[in-house]
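Following: one structure in structure tokens, then a few remarks.
In our numbering, the protein residues as written are 63 to 129.
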């Protein structure tokens, strides 16, 4: 079996090309994945922020939502 040798620059270029092709071919799936990741980050940040605030009653929440 023969050995294939690639220098670092060529390998980086090949990886970039492969990633770009993948993103172009799977645009919708990548968009959905990115949306989910951003939603998860937002939820994590909201939970962390909520842990550092005072608690309110359910009634207070619904009162605000009805406005």
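Beta carbons: idealized from backbone N, C-alpha and C, even for Gly.
Q | Inter-residue Cα distance where the pair is residue 129 and residue 99 | A | Straight across, the Cα-Cα distance linking residue 129 with residue 99 is about 31 Å.
Q) Residues in its own chain within less than 8 Å of residue 83 by CB, not counting five upstream and five downstream? A) The beta carbon of residue 83 sits closer than 8 Å to none of the beta carbons in its chain outside the five residues before and after it.
Q) Considering only residues of the segment 89 to 127, which uninterrupted alpha helix (DSSP H) runs meet the minimum length of 4 residues and lie entirely inside it, listed in chain order? A) If you keep only unbroken alpha helix (DSSP H) runs of at least 4 residues inside the segment 89 to 127, you get 89 to 113.
Q) Looking at the unbroken alpha helix (DSSP H) that takes in residue 65, where does it start and where does it end? A) For residue 65, there is no enclosing alpha helix (DSSP H), as DSSP marks it with neither H nor E.
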